[in-house]
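Chemist: Chain order of the listed sequences is V and F. If you count by the working numbering, then the first sequence holds residues 91 to 595, one letter each, in order. If you count by the working numbering, then the second sequence holds residues 91 to 595, one letter each, in order.
Protein chains: 2
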Amino acid sequence: MEDLESLWNRLVAHERQTSLLTSIVSILSWDERTGLPPRGAEWRAEQLAYLAGQVHQRRTSTELGDLLERLRESELAADPHSDRGATIARLKHDYDKERKLPQRLVEELSRAEVLGQQAWVEARAARDFARFRPSLETNLRLRREQADATGYESNRYDALLDSYEPGETTENVRRALSDLRAALLPLLARVRDSGVPQDDSILHGDFPVDAQRRIGRRAAEAIGFDFERGRLDETDHPFCTEAGPHDHRILTRYDAGGFAQAFYGTLHEAGHGIYEQGLRSAFYGLPPGAFVSLGLHESQSRLWENLVGRSRSFWEFLYGEVRQAFPAALGAIGLDSFWRAVNVVRPSLIRVEADELTYNLHIIARFELEEALVRGDLPVDELPAAWNAKYAEYLGIVPPHDGVGVLQDVHWSAALFGYFPTYALGNLYAGHWFEAAQRDLGDLDAMFRVGDFVPLRRWLNEHLHRHGRCYLPPELLQRVCGQSLSSRPLIAYLNAKLDRLLDRS
Amino acid sequence: MEDLESLWNRLVAHERQTSLLTSIVSILSWDERTGLPPRGAEWRAEQLAYLAGQVHQRRTSTELGDLLERLRESELAADPHSDRGATIARLKHDYDKERKLPQRLVEELSRAEVLGQQAWVEARAARDFARFRPSLETNLRLRREQADATGYESNRYDALLDSYEPGETTENVRRALSDLRAALLPLLARVRDSGVPQDDSILHGDFPVDAQRRIGRRAAEAIGFDFERGRLDETDHPFCTEAGPHDHRILTRYDAGGFAQAFYGTLHEAGHGIYEQGLRSAFYGLPPGAFVSLGLHESQSRLWENLVGRSRSFWEFLYGEVRQAFPAALGAIGLDSFWRAVNVVRPSLIRVEADELTYNLHIIARFELEEALVRGDLPVDELPAAWNAKYAEYLGIVPPHDGVGVLQDVHWSAALFGYFPTYALGNLYAGHWFEAAQRDLGDLDAMFRVGDFVPLRRWLNEHLHRHGRCYLPPELLQRVCGQSLSSRPLIAYLNAKLDRLLDRS
Numbered sequence: 091m092e093d094l095e096s097l098w099n100r101l102v103a104h105e106r107q108t109s110l111l112t113s114i115v116s117i118l119s120w121d122e123r124t125g126l127p128p129r130g131a132e133w134r135a136e137q138l139a140y141l142a143g144q145v146h147q148r149r150t151s152t153e154l155g156d157l158l159e160r161l162r163e164s165e166l167a168a169d170p171h172s173d174r175g176a177t178i179a180r181l182k183h184d185y186d187k188e189r190k191l192p193q194r195l196v197e198e199l200s201r202a203e204v205l206g207q208q209a210w211v212e213a214r215a216a217r218d219f220a221r222f223r224p225s226l227e228t229n230l231r232l233r234r235e236q237a238d239a240t241g242y243e244s245n246r247y248d249a250l251l252d253s254y255e256p257g258e259t260t261e262n263v264r265r266a267l268s269d270l271r272a273a274l275l276p277l278l279a280r281v282r283d284s285g286v287p288q289d290d291s292i293l294h295g296d297f298p299v300d301a302q303r304r305i306g307r308r309a310a311e312a313i314g315f316d317f318e319r320g321r322l323d324e325t326d327h328p329f330c331t332e333a334g335p336h337d338h339r340i341l342t343r344y345d346a347g348g349f350a351q352a353f354y355g356t357l358h359e360a361g362h363g364i365y366e367q368g369l370r371s372a373f374y375g376l377p378p379g380a381f382v383s384l385g386l387h388e389s390q391s392r393l394w395e396n397l398v399g400r401s402r403s404f405w406e407f408l409y410g411e412v413r414q415a416f417p418a419a420l421g422a423i424g425l426d427s428f429w430r431a432v433n434v435v436r437p438s439l440i441r442v443e444a445d446e447l448t449y450n451l452h453i454i455a456r457f458e459l460e461e462a463l464v465r466g467d468l469p470v471d472e473l474p475a476a477w478n479a480k481y482a483e484y485l486g487i488v489p490p491h492d493g494v495g496v497l498q499d500v501h502w503s504a505a506l507f508g509y510f511p512t513y514a515l516g517n518l519y520a521g522h523w524f525e526a527a528q529r530d531l532g533d534l535d536a537m538f539r540v541g542d543f544v545p546l547r548r549w550l551n552e553h554l555h556r557h558g559r560c561y562l563p564p565e566l567l568q569r570v571c572g573q574s575l576s577s578r579p580l581i582a583y584l585n586a587k588l589d590r591l592l593d594r595s
Numbered sequence: 091m092e093d094l095e096s097l098w099n100r101l102v103a104h105e106r107q108t109s110l111l112t113s114i115v116s117i118l119s120w121d122e123r124t125g126l127p128p129r130g131a132e133w134r135a136e137q138l139a140y141l142a143g144q145v146h147q148r149r150t151s152t153e154l155g156d157l158l159e160r161l162r163e164s165e166l167a168a169d170p171h172s173d174r175g176a177t178i179a180r181l182k183h184d185y186d187k188e189r190k191l192p193q194r195l196v197e198e199l200s201r202a203e204v205l206g207q208q209a210w211v212e213a214r215a216a217r218d219f220a221r222f223r224p225s226l227e228t229n230l231r232l233r234r235e236q237a238d239a240t241g242y243e244s245n246r247y248d249a250l251l252d253s254y255e256p257g258e259t260t261e262n263v264r265r266a267l268s269d270l271r272a273a274l275l276p277l278l279a280r281v282r283d284s285g286v287p288q289d290d291s292i293l294h295g296d297f298p299v300d301a302q303r304r305i306g307r308r309a310a311e312a313i314g315f316d317f318e319r320g321r322l323d324e325t326d327h328p329f330c331t332e333a334g335p336h337d338h339r340i341l342t343r344y345d346a347g348g349f350a351q352a353f354y355g356t357l358h359e360a361g362h363g364i365y366e367q368g369l370r371s372a373f374y375g376l377p378p379g380a381f382v383s384l385g386l387h388e389s390q391s392r393l394w395e396n397l398v399g400r401s402r403s404f405w406e407f408l409y410g411e412v413r414q415a416f417p418a419a420l421g422a423i424g425l426d427s428f429w430r431a432v433n434v435v436r437p438s439l440i441r442v443e444a445d446e447l448t449y450n451l452h453i454i455a456r457f458e459l460e461e462a463l464v465r466g467d468l469p470v471d472e473l474p475a476a477w478n479a480k481y482a483e484y485l486g487i488v489p490p491h492d493g494v495g496v497l498q499d500v501h502w503s504a505a506l507f508g509y510f511p512t513y514a515l516g517n518l519y520a521g522h523w524f525e526a527a528q529r530d531l532g533d534l535d536a537m538f539r540v541g542d543f544v545p546l547r548r549w550l551n552e553h554l555h556r557h558g559r560c561y562l563p564p565e566l567l568q569r570v571c572g573q574s575l576s577s578r579p580l581i582a583y584l585n586a587k588l589d590r591l592l593d594r595s
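1) In the DSSP output, what is residue 338 (chain V) paired with across the bridge?
2) Does the Cβ of residue 433 (chain F) have 16 or more other Cβ atoms within 10 Å, making it buried, or fewer, making it exposed?
3) Is the Cβ of residue 137 (chain F) closer than 7 Å to any Cβ of chain V?
4) Quick check: is the beta carbon of residue 336 (chain V) nearer than 7 Å to any beta carbon in chain F?
5) Output the distance between the C-alpha atoms of residue 356 (chain V) and residue 375 (chain V), rounded to the nearest integer angstrom.
6) Can you tell which of V:275, V:159, V:261 and V:223 has its C-alpha closest to the C-alpha of residue 472 (chain V)?
7) Would DSSP call residue 348 (chain F) helix, strand or coil?
8) Can you tell me the Cα-Cα spacing of residue 516 (chain F) and residue 339 (chain F), whole angstroms?
9) From residue 518 (chain F) to residue 442 (chain F), what does the alpha carbon distance come to, in whole angstroms?
10) Taking only runs that begin and end inside the segment 227-289 of chain V, name each unbroken alpha helix (DSSP H) of 4 or more residues, in chain order.
11) Please classify residue 279 (chain F) as buried or exposed, where buried requires at least 16 neighbouring CB atoms within 10 angstroms.
12) To the nearest angstrom, how far is the alpha carbon of residue 450 (chain V) from that of residue 113 (chain F)?
13) I need the straight-line Cα distance from residue 580 (chain F) to residue 364 (chain F), nearest angstrom please.
14) Considering only C-alpha positions, which residue in the set F:412, F:465, F:387 and F:483 is nearest to residue 255 (chain F)?
15) On the criterion of 16 or more Cβ atoms from any shown chain inside 10 Å, does residue 239 (chain V) qualify as buried, or is it exposed?
16) Given that a residue counts as buried once 16 or more other Cβ atoms are within 10 Å of its Cβ, and exposed if not, what is residue 336 (chain F)?
17) Please work out which residues of its chain come closer than 7 Å, Cβ to Cβ, to residue 505 (chain F), disregarding the five sequence neighbours upstream and downstream, and give them in chain order.
18) Using only alpha-carbon positions, find the residue among F:334, F:247, F:397 and F:486 that is nearest to residue 467 (chain F).
19) In chain F, which residues lie less than 8 Å from residue 317 (chain V) when you measure between Cβ atoms?
20) Using DSSP bridges, identify the partner residues of residue 294 (chain V).
21) Quick one: list the residues of chain V neighbouring residue 71 (chain F), beta-carbon separation under 9 Å, in chain order.
22) Rounding to the nearest angstrom, what Cα-Cα distance links residue 244 (chain F) and residue 456 (chain F) in this structure?
23) Does the beta-carbon distance from residue 555 (chain F) to residue 368 (chain F) come in below 7 Å?
24) Residue 208 (chain F) to residue 236 (chain F), Cα distance in whole Å?
25) If we ignore side chains and look at the alpha-carbon of each, how far apart do residue 429 (chain V) and residue 286 (chain V) end up?
26) Give the residues of chain F in contact with residue 118 (chain V), contact being defined as C-beta atoms less than 8 Å apart.
27) For residue 321 (chain F), decide whether its Cβ has a neighbour in chain V, counting only Cβ atoms nearer than 7 Å.
28) Beta-carbon of residue 130 (chain F) versus every beta-carbon of chain V: anything under 7 Å?
29) Suppose only complete runs of 4+ residues qualify. What are the alpha helix (DSSP H) ranges in the segment 373-411 of chain F, listed by chain order?
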């Protein structure tokens with residue numbers, strides 16, 4: 091009889107080797123998005139398909155299944171929050187789910203994602219939803235099949251959500267986002283009724299890209315992104331990826347005519363990167379060294395981007411350098427005007443350009459729509475009208491065409507249903523973490539003012555990052571804050587900020 | 091009994107899948123040299139070791155051996171220069187060689203390369219050969235073992251040469267390079283005795299890197315490097331790599347204080363890239379779609395770099411743009427002065443900075459030394475003195491210390507013995523190809539003068555590239571020129587150029 095230690099070591103070796111492959115996939119994907127020669131795409135697809143096949147084989151191998159079966163009844167699995175217990179529990183969960191997917195469905199989904207994105211690009215360019223509808227119907231059908239294969243209790247959407255926000259339920263998300271919407275609408279009215287002009291025109295002007303690169307790197311470094319273990323590059327659609335325990339890559343996009351997009355894109359991705367760099371590298375490739383959910387990931391990026399990066403104290407620290415870097419655009423602009431400009435609240439059509447407050451309304455609309463699509467209550471051909479109705483109701487504006495409406499995001503074309511709500515969950519979690527950190531650390535503003543972000547980063551590291559997947563997000567929230575998910579902290583933070591922003595005295 | 095067509099298809103599928111892996115290795119290595127975060131190196135080594143293991147398994151698999159054994163007696167193997175015949179013959183050659191290498195030796199060599207390079211970096215920085223000597227001894231011992239394992243007829247060095255210049259023999263190389271040396275020394279004397287100053291100081295000055303990037307790309311594009319199937323990046327040690335049938339990457343290094351290094355580095359690597367892009371992509375991963383030898387590869391890079399890129403007609407085409415791009419450094423410099431500056435002949439210590447003529451003497455010295463090392467006629471601890479004696483004899487200068495002498499190149503530290511002579515073979519072959527192209531195409535200078543490099547590139551493609559590994563270099567030379575390797579064409583070309591350069595009338 092093989093002893094437990096030896097079983098455990100075999101499990102670790104198996105997962106480490108799988109993570110060699112997945113980290114190679116990361117590099118190939120990163121490379122694809124940073125300058126693969128146009129005609130290189132076809133071979134790259136073959137490379138990735140080959141690796142995906144290898145990864146799927148490893149993740150569904152009977153050897154892995156046997157190991158997990160033997161370990162999960164052992165004493166190592168006793169505490170599901172211990173490193174070993176969590177490893178066994180999470181891997182068993184993932185294994186069972188992956189084994190339930192028929193190979194045919196995996197392949198159909200992989201093809202549908204590629205074809206869906208092609209159809210979406212064309213439809214968006216033509217501003218013609220009809221061209222995208224067949225793909226969307228296919229994607230929905232396949233994900234429903236997936237949900238049926240892996241199983242769920244009461245709502246098919248639960249099964250999809252589980253891929254991105256494990257342990258979360260549709261009902262919980264619906265409740266949290268309804269509360270959030272109810273609390274946000276009065277805030278939006280407050281801004282509107284105040285009569286304070288929402289004007290960020292000073293952020294558009296002459297912002298040379300070289301200086302933006304320098305300032306973006308400076309800010310990412312200041313908040314704690316480690317360039318010994320990472321890099322910052324350029325791409326069309328910003329993202330963050332990891333390709334090894336000490337290889338974290340953030341990507342952003344520059345526009346010489348505007349400051350905010352690249353700067354906040356960099357802070358946001360650096361926030362993701364700091365989370366990944368805060369995971370325990372000794373557990374790389376295993377659940378204790380892996381991110382726990384997209385919502386928690388997003389809570390890190392949003393916290394640094396918004397709660398830190400749009401605070402007045404942050405700009406007391408950095409604005410001098412920024413003004414010096416862009417003398418033409420900002421030479422005559424004072425700190426207060428600048429800070430107000432990066433905090434403008436104004437309903438807009440495009441999610442990725444939305445402000446900190448209205449961003450959530452974009453997400454809530456998408457969640458409600460996709461949940462209805464998956465449930466079958468909303469027929470696909472009624473989606474554009476339903477989209478426009480939501481925008482009219484929540485944001486008071488209606489897209490002039492589908493290209494800036496229902497076709498604006500890539501997610502549904504890639505069959506990602508259940509992904510959108512994690513963006514808003516991230517904001518809610520960020521509100522909780524920031525409140526708790528303030529409670530534990532005292533005057534964060536005093537630290538930000540002098541560019542000291544170490545205490546906050548250490549706090550996040552200690553309370554969140556180092557746990558990897560050992561606790562699910564609601565469990566972390568209970569441990570750290572003694573609460574369940576609520577919009578209260580985020581709304582309190584937004585209200586306090588509006589008190590200052592709308593004070594014209 | 092499986093039919094031949096089905097055996098052939100299995101062989102093709104096996105090799106294509108191996109080439110998926112080797113092309114992934116290429117991307118990981120490219121990435122390692124273009125900005126891998128410093129602390130990412132360790133995981134990258136694990137990824138590469140994993141892939142190397144997979145590749146070695148596939149290349150020595152009994153399945154492959156059986157396929158080759160059954161095919162090589164078949165009618166498909168009848169013509170060794172046909173696509174299928176060459177595939178079977180070359181793969182069988184490679185397979186037998188790879189199978190003869192004990193796994194232990196493969197692993198020891200892999201470790202020795204890494205350790206050797208570390209020791210070399212330290213020794214070079216300290217200008218202390220003694221620190222490198224143990225590694226060099228280990229590397230030599232392991233390569234001798236390798237030669238003994240794979241076998242050879244008369245000279246151990248033959249077995250090493252075969253890895254880089256298949257089908258070539260030490261005796262042939264020795265004869266060719268002795269002739270070349272004998273022919274070069276009078277040319278060098280001719281320059282020295284002419285009294286014409288060899289002054290390239292105008293190539294040092296204010297050369298902004300952005301403009302260098304633009305001009306380098308312009309030149310690479312002009313001679314035919316296809317950016318739809320490739321890219322140009324920056325690195326410390328310029329190179330060219332391929333990562334798929336339509337993914338060719340060249341890398342160069344810029345110095346804002348000088349023009350020649352980056353420009354000729356780019357032309358050189360673009361020449362390598364044009365060769366790879368000229369291979370038949372339908373045979374990617376198989377011998378008919380692979381480069382045949384390092385010497386032939388180098389003949390392509392040297393031909394574009396020197397025979398084209400240092401010609402007067404080339405600069406009649408491009409100098410106007412270059413002068414405009416660098417007004418501070420070149421505004422007052424005429425075409426003739428510029429052309430003379432890029433053709434300065436002057437013995438120097440460092441191979442990679444040597445001119446077109448003396449470069450070969452650097453190579454000949456290295457070949458003679460390493461061949462004596464492998465044969466055992468030169469003890470390792472006598473190498474520095476032997477190096478200095480060669481430099482005194484061939485170039486008339488003696489390195490002030492080993493850092494710019496025997497320690498200047500990475501090759502021996504990476505256990506690459508038999509590699510150096512391919513650089514000089516490349517120059518000899520380039521002389522042959524250029525002479526033959528001129529014979530077939532007529533006045534090449536008239537084409538270059540108007541920036542038309544298409545006929546020359548098509549000629550190279552037709553006569554060399556498209557054959558891949560179907561003909562060995564000496565066979566190609568017979569087919570194309572009806573000759574065997576000789577220094578005559580290269581020397582004739584150099585003499586004709588000196589006639590113009592040394593003409594002060």
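For every residue, glycine included, the Cβ atom is placed at its ideal position computed from N, Cα and C. None of the values given here were measured: they were computed from a predicted structure.
Modeler: Based on what the coordinates show:
1) Counting from 1 along the first sequence, the entry for residue 338 (chain V) is found at position 248. Per DSSP, V:320 and V:332.
2) Residue 433 (chain F) sits at position 343 when you count from the first residue of the second sequence. Flag for residue 433 (chain F) reads buried.
3) As a first step, residue 137 (chain F) is located in the second sequence; it is residue number 47 there, counting from the start. So, interface residue.
4) As a working note, residue 336 (chain V) is residue 246 in the first sequence. Closer than 7 Å: yes.
5) By one-based count along the first sequence, residue 356 (chain V) stands at place 266. By one-based count along the first sequence, residue 375 (chain V) stands at place 285. For residue 356 (chain V) and residue 375 (chain V), the distance between alpha carbons rounds to 26 Å.
6) On the first sequence, residue 472 (chain V) is found 382 positions in, with the first residue counted as 1. Residue 472 (chain V) has its Cα closest to that of V:223, out of V:275, V:159, V:261 and V:223.
7) Here residue 348 (chain F) is taken as the residue at index 258 of the second sequence, counted from 1. Residue state, collapsed to three classes: strand.
8) In the second sequence, residue 516 (chain F) corresponds to position 426, counting from 1. In the second sequence, residue 339 (chain F) corresponds to position 249, counting from 1. Taking the straight line joining both Cα atoms gives about 21 Å.
9) The residue labelled residue 518 (chain F) in the question sits at position 428 within the second sequence. The residue labelled residue 442 (chain F) in the question sits at position 352 within the second sequence. If I take the Cα positions, the gap works out to 18 Å.
10) 246-254 and 260-284
11) The residue labelled residue 279 (chain F) in the question sits at position 189 within the second sequence. It is exposed - the Cβ of residue 279 (chain F) has fewer than 16 other Cβ atoms within 10 Å.
12) Translated into positions along the first sequence, residue 450 (chain V) becomes position 360. Translated into positions along the second sequence, residue 113 (chain F) becomes position 23. Each residue's Cα considered, the two are about 43 Å apart.
13) Your numbering for residue 580 (chain F) matches position 490 in the second sequence. Your numbering for residue 364 (chain F) matches position 274 in the second sequence. Using only the alpha carbons, I get a separation of about 21 Å.
14) In the second sequence, counting from the first residue as 1, residue 255 (chain F) sits at position 165. Per the Cα distances, F:387.
15) Position 149 of the first sequence, counting from 1, holds the residue named residue 239 (chain V). The residue in question, residue 239 (chain V), is exposed, as its Cβ has fewer than 16 Cβ neighbours within 10 Å.
16) Here residue 336 (chain F) corresponds to residue number 246 of the second sequence, with the count starting at 1. When all chains shown are included, residue 336 (chain F) counts as buried.
17) Translated into the one-based positions of the second sequence, residue 505 (chain F) becomes position 415. Correct list, in chain order: 199, 202, 203, 206, 229, 232 and 233.
18) For this step, residue 467 (chain F) is matched to residue 377 along the second sequence. The shortest C-alpha separation from residue 467 (chain F) is found at F:247.
19) Translated into positions along the first sequence, residue 317 (chain V) becomes position 227. In chain order: 127.
20) Locating residue 294 (chain V) in the first sequence gives position 204, where the first residue counts as 1. According to DSSP, residue 294 (chain V) bridges with V:348.
21) With chain F running from 91 to 595 in the structure shown, residue 71 (chain F) is simply not present.
22) Position 154 of the second sequence, counting from 1, holds the residue named residue 244 (chain F). Position 366 of the second sequence, counting from 1, holds the residue named residue 456 (chain F). Straight-line Cα distance between these residues: approximately 21 Å.
23) Here residue 555 (chain F) corresponds to residue number 465 of the second sequence, with the count starting at 1. Here residue 368 (chain F) corresponds to residue number 278 of the second sequence, with the count starting at 1. For residue 555 (chain F) and residue 368 (chain F), yes; Cβs fall inside 7 Å.
24) Against the second sequence, residue 208 (chain F) aligns to sequence position 118. Against the second sequence, residue 236 (chain F) aligns to sequence position 146. The alpha-carbon atoms of residue 208 (chain F) and residue 236 (chain F) are separated by roughly 22 Å.
25) Taking the first sequence and counting its residues from 1, the one referred to as residue 429 (chain V) is at position 339. Taking the first sequence and counting its residues from 1, the one referred to as residue 286 (chain V) is at position 196. Going by the C-alpha atoms only, they are around 14 Å apart.
26) Start at 1 with the first residue of the first sequence, and residue 118 (chain V) comes out as number 28. Chain F residues near residue 118 (chain V): 114 and 117.
27) As a working note, residue 321 (chain F) is residue 231 in the second sequence. Answer yes: the Cβ-Cβ gap between residue 321 (chain F) and chain V drops below 7 Å somewhere.
28) Counted from its first residue, the second sequence places residue 130 (chain F) at position 40. Yes, because at least one Cβ of chain V sits closer than 7 Å to the Cβ of residue 130 (chain F).
29) 384-392
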